[in-house]
Every structure is written in structure tokens, then in C-alpha cells.
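Numbering (this note's numbering), first residue to last: 7 to 39.
Encoded structure:
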């Protein structure tokens, strides 16, 4: 996982915002070969 996780992203993720979920999915997609 990337070391740079801004607090706003974590807050959105904890709130279950779709924006945060999409961002997380994009990060996972970038890590995939």
C-alpha cells in the first residue's frame, strides 16, 4: 500500500463514500500487472 494516504481519504473510506471506494479500487488496479 502507498505510504501517502491523506486523512481525507481515510475519513471518506470510514464513512463508506463511493469516491473513496473508487479511489481504493483505482489504486489496487494500478498495483495489478
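Quick reminder that beta carbons are idealized off the backbone N, C-alpha and C, glycines included.
Local conformation of residue i per DSSP, three classes
{"i": "residue 18", "result": "helix"}
{"i": "residue 92", "result": "Look at the range of the chain in this structure, 7 to 39, and you will see that residue 92 is not part of it."}
Sequence-distant residues of its chain with Cβ nearer than 8 Å to residue i (five each side left out)
{"i": "residue 24", "result": "none"}
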